[in-house]
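Some notes on the structure that comes next.
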Amino acid sequence: MASIVSNLTFEELLPFFQIQGGATVCLTENLAAPGPGTGFPPATPTNIIKTSQGWSVAFQWETLGALTNLMAGQFQLNLFLEEMGSGEYALPAAFSTATVNFVSAPNVYNQVMNIPANQVPAGVYKLVVSLTFKGPLGVPGPIAAFSEVGMIQFYDSI
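Take the sequence shown: its position 23, counting from 1, is numbered 1409 in my numbering, and each next residue is one higher.
In structure tokens:
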């Protein structure tokens, strides 16, 4: 299964709190299992995906520091697709937003957002992801990140 890995760029403006090193986001196309006697599917570029094929975006980041023991809230993850030549395209909210509860201790977070087949029309898109911390009352806090994952072509196939 091929994938594209991109680093998340973080800003965290809290003393005694840090995001540890390699915070990443990974785009993976969900390849169908081969039928009996057909062997494995050929390796294909991850940035070219059939519209009839599911795909996923996996986030990974780690929080450290004494302040993590005193914090509470949630991380909000978002996927944005900008269609080239035609403007914005919005994935249905059920697939473009995820919420991850903050763990009040140093922690490694892993969250996968699965996008089922037939959610994105054929075209070329730029995928950008974001991560925002929100406190217990839903107010955004001083922790945010984004990544430009890159260009993706979705195409129709028989």
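Virtual Cβ for every residue (Gly too), placed ideally from N, Cα, C.
In whole angstroms, what separates the C-alpha of residue i from that of residue j?
| i | j | result |
| --- | --- | --- |
| P1522 | D1542 | 43 Å |
| G1459 | I1544 | 46 Å |
| E1448 | G1407 | 8 Å |
| Y1475 | V1510 | 11 Å |
| L1477 | L1467 | 7 Å |
| L1463 | P1492 | 19 Å |
| S1389 | L1400 | 33 Å |
| V1525 | S1490 | 17 Å |
| Q1497 | N1487 | 11 Å |
| L1517 | C1412 | 14 Å |
Under the three-state reduction of DSSP, which class applies to residue i: helix, strand or coil?
| i | result |
| --- | --- |
| A1484 | strand |
| A1444 | strand |
| A1458 | coil |
| L1400 | coil |
| L1523 | coil |
| L1394 | coil |
| L1477 | coil |
| A1409 | coil |
| A1531 | strand |
Keeping to the same chain, check which residues put their C-beta closer than 7 Å to that of residue i; ignore five residues upstream and five downstream.
| i | result |
| --- | --- |
| Q1404 | E1398, L1450, G1451 |
| T1395 | A1531, F1532, S1533 |
| A1528 | Note on identity: in this sequence residue 1528 is Pro, with Ala being the wrong assignment. Counting only Cβ-Cβ distances below 7 Å, and skipping sequence neighbours, we find E1398, L1399, L1400. |
I'd like the list of long-range same chain contacts for residue i, defined as Cβ closer than 8 Å, with 5 residues on each side in sequence excluded.
| i | result |
| --- | --- |
| F1481 | L1465, M1499, N1500, I1501, P1502, Q1505 |
Determine the burial state of residue i: buried for a count of at least 16 other Cβ atoms within 10 Å of its Cβ, exposed for fewer.
| i | result |
| --- | --- |
| V1494 | exposed |
| T1414 | buried |
| L1456 | exposed |
| A1409 | buried |
| F1553 | Nothing about residue 1553 can be read from this structure; the chain reaches only from 1387 to 1544. |
| T1485 | exposed |
| T1432 | buried |
For chain B, find out if any of its Cβ atoms is closer than 8 Å to the Cβ of residue i; answer yes or no.
| i | result |
| --- | --- |
| Y1511 | Reference to chain B is not applicable here, since this structure consists of a single protein chain. |
Could you pull the DSSP bridge partners for residue i from this structure?
| i | result |
| --- | --- |
| V1489 | According to DSSP, which records beta bridges pairwise, V1489 is partnered with nothing at all. |
| L1465 | V1515 |
Among the residues of its own chain, which have a CB less than 6 Å from the CB of residue i, if the five just before and after it don't count?
| i | result |
| --- | --- |
| E1469 | Y1475, G1509, Y1511 |
| T1483 | N1464 |
| I1538 | N1433, Y1511, L1513 |
Hey, is residue i close to the ligand ADP, as in C-beta under 7 Å from one of its heavy atoms?
| i | result |
| --- | --- |
| T1485 | Of ligands this structure carries none, so the ligand ADP is not represented either. |
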